Amino acid sequence: MTAAGLHRPAPGSAPPPGAVTRRDRAAAGWRLARFYLVSRRVPMALALLAGLGALLWSALHWRWNIAGGPAAQLFIPLTIQAGAAAVIALATFGPFGEPERAAGRWLPWLRLGTAVALTAVAFGTLAAGAAAGGMPGGTLALLRNLGGMVGVGLLTAAVLGGAFSWTGPMAYLLISEGGLAHRSTTPWIWATRPPHDRGGAICACLVIAAGLVLITVRGPREPGREPGQAS
Amino acid sequence: MTAAAAAPVRYRAPRANGAALLTLARLVRVEMRRNAMPWILPLIAALFWFDSYRPSIGAAPLYGLRTYWNMGEGHTINDFGPFVAGVAAWMGSRDGRRGLGDLVAAVSRPRWAAQLATWAATAIWAVAAYLVFVGVMFAWYAHQGVGGTPPWWWVAVGATAVIALSAVGFAIGAYWPSRFAAAAAAFTAFLALVLSYQIGFKHTSGWALILPTNFHGNFEGNAQVDSGIFYPWLPDLPIARIMFLAGIAVVALGLTGLPARAGSRRLRRAVAAVTLAGVALAGTAVGLANSAQLAAEGVVIPALHDAANDAPIAYSPVCARAAGLPVCLNPAYGRWLPDVTAELAPVLAEVAGLPGAPVRAVQVPASYPSNADGPPLILSLGGQPPVLSLSLGQLNMPGPCGFCGQVPTQEFTGQLQYLFARAFAGAGIGPGSLVQQAVQAALLLKVGMPFAAQVAATQNIPGSPQGQAPEPVYAAAQRLAALPAAARHDWLAAHLPALRAGGLTLGQVP
Numbered sequence: 001m002t003a004a005g006l007h008r009p010a011p012g013s014a015p016p017p018g019a020v021t022r023r024d025r026a027a028a029g030w031r032l033a034r035f036y037l038v039s040r041r042v043p044m045a046l047a048l049l050a051g052l053g054a055l056l057w058s059a060l061h062w063r064w065n066i067a068g069g070p071a072a073q074l075f076i077p078l079t080i081q082a083g084a085a086a087v088i089a090l091a092t093f094g095p096f097g098e099p100e101r102a103a104g105r106w107l108p109w110l111r112l113g114t115a116v117a118l119t120a121v122a123f124g125t126l127a128a129g130a131a132a133g134g135m136p137g138g139t140l141a142l143l144r145n146l147g148g149m150v151g152v153g154l155l156t157a158a159v160l161g162g163a164f165s166w167t168g169p170m171a172y173l174l175i176s177e178g179g180l181a182h183r184s185t186t187p188w189i190w191a192t193r194p195p196h197d198r199g200g201a202i203c204a205c206l207v208i209a210a211g212l213v214l215i216t217v218r219g220p221r222e223p224g225r226e227p228g229q230a231s
Numbered sequence: 232m233t234a235a236a237a238a239p240v241r242y243r244a245p246r247a248n249g250a251a252l253l254t255l256a257r258l259v260r261v262e263m264r265r266n267a268m269p270w271i272l273p274l275i276a277a278l279f280w281f282d283s284y285r286p287s288i289g290a291a292p293l294y295g296l297r298t299y300w301n302m303g304e305g306h307t308i309n310d311f312g313p314f315v316a317g318v319a320a321w322m323g324s325r326d327g328r329r330g331l332g333d334l335v336a337a338v339s340r341p342r343w344a345a346q347l348a349t350w351a352a353t354a355i356w357a358v359a360a361y362l363v364f365v366g367v368m369f370a371w372y373a374h375q376g377v378g379g380t381p382p383w384w385w386v387a388v389g390a391t392a393v394i395a396l397s398a399v400g401f402a403i404g405a406y407w408p409s410r411f412a413a414a415a416a417a418f419t420a421f422l423a424l425v426l427s428y429q430i431g432f433k434h435t436s437g438w439a440l441i442l443p444t445n446f447h448g449n450f451e452g453n454a455q456v457d458s459g460i461f462y463p464w465l466p467d468l469p470i471a472r473i474m475f476l477a478g479i480a481v482v483a484l485g486l487t488g489l490p491a492r493a494g495s496r497r498l499r500r501a502v503a504a505v506t507l508a509g510v511a512l513a514g515t516a517v518g519l520a521n522s523a524q525l526a527a528e529g530v531v532i533p534a535l536h537d538a539a540n541d542a543p544i545a546y547s548p549v550c551a552r553a554a555g556l557p558v559c560l561n562p563a564y565g566r567w568l569p570d571v572t573a574e575l576a577p578v579l580a581e582v583a584g585l586p587g588a589p590v591r592a593v594q595v596p597a598s599y600p601s602n603a604d605g606p607p608l609i610l611s612l613g614g615q616p617p618v619l620s621l622s623l624g625q626l627n628m629p630g631p632c633g634f635c636g637q638v639p640t641q642e643f644t645g646q647l648q649y650l651f652a653r654a655f656a657g658a659g660i661g662p663g664s665l666v667q668q669a670v671q672a673a674l675l676l677k678v679g680m681p682f683a684a685q686v687a688a689t690q691n692i693p694g695s696p697q698g699q700a701p702e703p704v705y706a707a708a709q710r711l712a713a714l715p716a717a718a719r720h721d722w723l724a725a726h727l728p729a730l731r732a733g734g735l736t737l738g739q740v741p
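Residue numbers (the working numbering), protein chains in the order written: chain A, 1 to 231; chain B, 232 to 741.
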């Protein structure tokens, strides 16, 4: 028995550091991103966002808002925007918990990238849905309202956990509904403000910025006693 | 013959049934302890305060008006329903999300029974919370001295809506065990409630009355009438809505018992029958709503109507005097008695002693505007000796008034005096004859209300506001008002029957 064979790497073992090519790293990065997106059910989230875009198109095209003042005209688009925000917030929830956090160096960037990308997709699909015409406030209001509500959803995920992050946009939707009915003027209920209102836009931007920072740095809260594994 | 054969046969079925019930109760109790619903209740409580209670305290302290927003428009359902549907979906999807479907399908009890226990625990938490929150709100109203009786039937509708939404959410979760199921159920529930509210704008009668948040033309507070004060809240429409919502709940729960894993074939057949019964119940309720008619005291459904509910609520009036005349109101309106007497006193004094002048004033119920000529007169004179009838429920009383903000006492004064002058001149529902308008304007001039204020007083009175009268009317009014009191009194005493009959011309006004 000689030591000559020891210099040859075993089949399947990791190549030495110098041998890792840029292509290998890109492939590993792509695989990591893909696994991350699948574990967060991003494909399903994309399908749901597309469905919400179609729902908005139907609501505007067939004029489901059949009566009421300008405030009543906002209810259905706002509900759909809040639904999109809830989908994005729910996609932050990971099933692996501690092991993933311990091993995942890129996790904060994956969380940030996913949230931003899904928000962009949501805006795109809803803007496409709004092409049916008659969207109250136009595209600018859509961007502000959606962005703000995504922020509310991400903040809720950071505070309550990803599984119940939908409660934030839903609660905010109810508050907006009350605000619209009672002609509230606070910029924190941005849906009640005109599309070009600076105060409403600033508040919505602050909320989404806070949500993105929290979800990037801390991730969604993972309670000690999980009420149920998300699928 | 053996001893064993001679021994009496023991009938064990009751014990077995008792044990099954005990097991089910234990299962429900375990599910209640492991349920996610209590964790959401603080959020619902905050929203309930913000969206259901807070806006209501801006309305006048009468149950019909205080509960118009939260019970009539269904905001208590809006605040509970989406969250209950979402949490129920989360609970319904539990086994699927955890990959326990095969495992739990192999246990001794039917899977459906265990699912029902999970749903029941969720629904018990939700309904108990709904009743507690509404109960606390009504207790606080009572503490604030809100007049009338609470609309308990509408509370029952809300509780049934919570049950129905929990069942629908649970079914969504059971069929789609995904992290997105809870949000899908919640937003679907909210969208359904918003559409129900929206449809009501155009459909104030017929099948749409069955929709749980359609309040247009059916919640009595909508017409500012006196349900729970002069007559009971009619239960007809609430009963139909309860039937509809219960039918939906039965259908949703039945659907969860249809898949093969739910239990034996026999059980599934029974569940299918129950599901069909739920469809029939909901369909029957829609049919009943379609037959609804508007009556003076609310929505009547002939098949459900109980004549006992038409009996007025007995009360001891509260009375005071205005220009020497007794003025009596329902105790629910007692807080406004000083306002009413103070504002009627000048116009009553102006006509005191005339043969057609009222000898007393009494409050009468405001009725639903069901007659073909429009709403009944708010103030009217009738009987012998004449009695002034005050249907105050049709007016916004001084103080907070919900969406209309705050009613100043001065505005109420103008409305009451204007309406009295109209009633005295016999103007009826329309603007009245030119002479009636002139006499009315003269009376109001004498109590210090200029012509512009007379026009302004009509703006917030139900019905179409009246514009300026023709110039000859104002000229005649000024002539009549300029007469000495005795001369005006004599002219009115001589011409009042002809005036009320509309038989005079402006040239006959002195």
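A virtual CB, placed ideally from N, CA and C, is assigned to each residue, including glycine.
Computed from a prediction, not measured in an experiment: that's the story for all the values here.
Stretch pair the stretch 457 to 466 of chain B + the stretch 273 to 289 of chain B: three plus CB contacts closer than 8 Å | The answer is no - the stretch 273 to 289 of chain B does not touch the stretch 457 to 466 of chain B, with fewer than three Cβ pairs under 8 Å.
Below-9 Å beta-carbon distance, Ile271 (chain B) vs any chain A residue = It does; some Cβ of chain A falls within 9 Å.
Could you give the distance in angstroms between the alpha-carbon of Ala483 (chain B) and the alpha-carbon of Arg221 (chain A)?
-> Taking the Cα positions, Ala483 (chain B) is about 33 Å away from Arg221 (chain A).
Relative to the C-alpha of Thr419 (chain B), which residue among A:His182, A:Phe96 and A:Ala84 is closest?
-> Out of A:His182, A:Phe96 and A:Ala84, A:Ala84 has the C-alpha closest to the C-alpha of Thr419 (chain B).
Per DSSP, which one or two residues make a beta bridge with Ser458 (chain B)?
-> For Ser458 (chain B), which the question treats as bridged, DSSP gives the partners B:Tyr462.
Use the C-beta contact count for Asp24 (chain A): other C-beta atoms within 10 angstroms, 16 or more gives buried, fewer gives exposed.
-> Exposed, since its Cβ has fewer than 16 Cβ neighbours within 10 Å.
Along chain B, in chain order, which residues have C-beta atoms closer than 7 Å to that of His182 (chain A)?
-> Simply Pro286.
Give the range of the alpha helix (DSSP H) segment to which Cys203 (chain A) is assigned.
-> Arg198 to Val217 is the extent of the alpha helix (DSSP H) around Cys203 (chain A).
Based on the DSSP output, what are the partners of Ser397 (chain B) in its beta bridges?
-> Its beta-bridge partners do not exist; DSSP assigns none.
Who does Gln594 (chain B) pair with in a DSSP beta bridge?
-> Looking at the DSSP output, Gln594 (chain B) bridges to B:Leu621.
Can you give the beta carbon distance from Phe401 (chain B) to Ala336 (chain B), rounded, assuming they're within the 8 Å contact cut?
-> Contact between Phe401 (chain B) and Ala336 (chain B) is absent: CB atoms are separated by about 18 Å, not below the 8 Å threshold.
Unbroken beta strand (DSSP E) run spanning Val531 (chain B), endpoints | Under the DSSP assignment, Val531 (chain B) falls in the beta strand (DSSP E) whose first and last residues are Gly529 to Val531.
Give the secondary structure of Pro169 (chain A) by DSSP, where H, G and I count as helix, E and B as strand, and everything else as coil.
-> Correct three-state label for Pro169 (chain A): helix.
Would you kindly report the start and end of the unbroken beta strand (DSSP E) that includes Arg265 (chain B)?
-> It is not in any beta strand (DSSP E) - Arg265 (chain B) carries neither H nor E in the DSSP assignment.
Rounded to a whole number of angstroms, what is the C-alpha to C-alpha distance between Asp467 (chain B) and His374 (chain B)?
-> Asp467 (chain B) and His374 (chain B): Cα-Cα distance of roughly 29 Å.
Coarse secondary structure for Pro557 (chain B), derived from DSSP in three states = Strand, per DSSP.
Within-9 Å CB hit, Met1 (chain A) to chain B = In this prediction, Met1 (chain A) has a pLDDT of 46, which is less than 50 and means its spatial position is unreliable; what the coordinates show is noted afterwards. It does not; no Cβ of chain B falls within 9 Å.
What residues in the stretch 502 to 526 of chain B bring their beta carbon closer than 8 Å to a beta carbon of chain A?
-> With the criterion set as a beta carbon lying under 8 Å from some beta carbon of chain A, the stretch 502 to 526 of chain B has no members that meet it.
Distance between Tyr361 (chain B) and Gly317 (chain B) (C-alpha atoms, nearest Å) = Computed Cα separation, rounded: 16 Å.
Inspect the beta-carbon positions of Ala71 (chain A) and Thr192 (chain A) and report whether they are closer than 9 Å.
-> Against a cut-off of 9 Å, the Cβ pair of Thr192 (chain A) and Ala71 (chain A) comes out as a contact.
For the stretch 405 to 422 of chain B, enumerate the residues whose C-beta is nearer than 7 Å to any C-beta of chain A, in chain order.
-> Per Cβ criterion, the list reads Pro408, Ser409, Arg410, Phe411, Ala413, Ala414, Ala417, Phe418, Phe421 and Leu422.
Round the Cβ separation of Leu110 (chain A) and Ala45 (chain A) to the nearest angstrom and send it over; I've been treating them as touching at under 8 Å.
-> Not quite, the Cβ-Cβ distance comes to about 14 Å (not below 8 Å), so this is no contact.
Out of curiosity, what's the CA-to-CA distance linking Val42 (chain A) and Ala91 (chain A)?
-> Approximately 6 Å between the Cα atoms of the pair.
Closest by C-alpha distance to Ala592 (chain B), when choosing among B:Val338, B:Thr640 and B:Phe651 = Nearest C-alpha to Ala592 (chain B): B:Phe651.
Cβ of Pro341 (chain B) within 8 Å of any heavy atom in the ligand SAM?
-> You won't find the ligand SAM in this model; it holds no ligand whatsoever.
Could you tell me which of B:Phe314, B:Asn521 and B:Gly379 sits nearest to Arg472 (chain B), measuring between CA atoms?
-> Of all alpha-carbon atoms in B:Phe314, B:Asn521 and B:Gly379, the one lying nearest the alpha-carbon of Arg472 (chain B) is that of B:Asn521.
Flag this pair as touching only if the stretch 566 to 581 of chain B and the stretch 486 to 498 of chain B have three or more C-beta atom pairs under 8 Å; answer yes or no.
-> With contact defined as three or more Cβ pairs closer than 8 Å, the stretch 566 to 581 of chain B and the stretch 486 to 498 of chain B are not in contact.
Going straight from the alpha carbon of Tyr428 (chain B) to that of Phe311 (chain B), what length do you get?
-> Each residue's alpha carbon lies about 16 Å from the other.
Along chain B, in chain order, which residues have C-beta atoms closer than 8 Å to that of Gly219 (chain A)?
-> Neighbours of Gly219 (chain A) in chain B, taken as residues at a C-beta separation under 8 Å, are lacking, since the least C-beta distance is about 16 Å.
Could you name the residues of chain B that Leu90 (chain A) contacts, counting a contact when the two beta carbons are closer than 7 Å?
-> Chain B residues near Leu90 (chain A): Arg410, Phe411 and Ala414.
Quick one: which chain A residues come within Cβ less than 8 Å of Asp310 (chain B)?
-> Residues of chain A passing the Cβ test: Leu174.
Can you name, in chain order, every residue of its own chain whose Cβ lies under 7 Å from the Cβ of Arg218 (chain A), other than the five neighbours on each side?
-> Taking C-beta separations shorter than 7 Å and ignoring five residues to either side along the sequence, the partners of Arg218 (chain A) in its chain run Ala158, following chain order.
Contiguous alpha helix (DSSP H) assignments of at least 4 residues, all confined to the stretch 321 to 374 of chain B = 325 to 328, 332 to 336 and 342 to 374, all fully within the stretch 321 to 374 of chain B.
CB contact below 9 Å: Trp356 (chain B) versus chain A | By the rule that beta-carbons nearer than 9 Å mark a contact, Trp356 (chain B) does not touch chain A.
What separation, rounded to the nearest whole angstrom, lies between the Cα atoms of Pro681 (chain B) and Gln668 (chain B)?
-> Straight-line spacing of the CA atoms in Pro681 (chain B) and Gln668 (chain B) works out to 14 Å.
Test: Ala603 (chain B) CB closer than 9 Å to a CB of chain A | No answer about Ala603 (chain B) holds up, because its pLDDT of 49 lies below 50 and its placement is not dependable.
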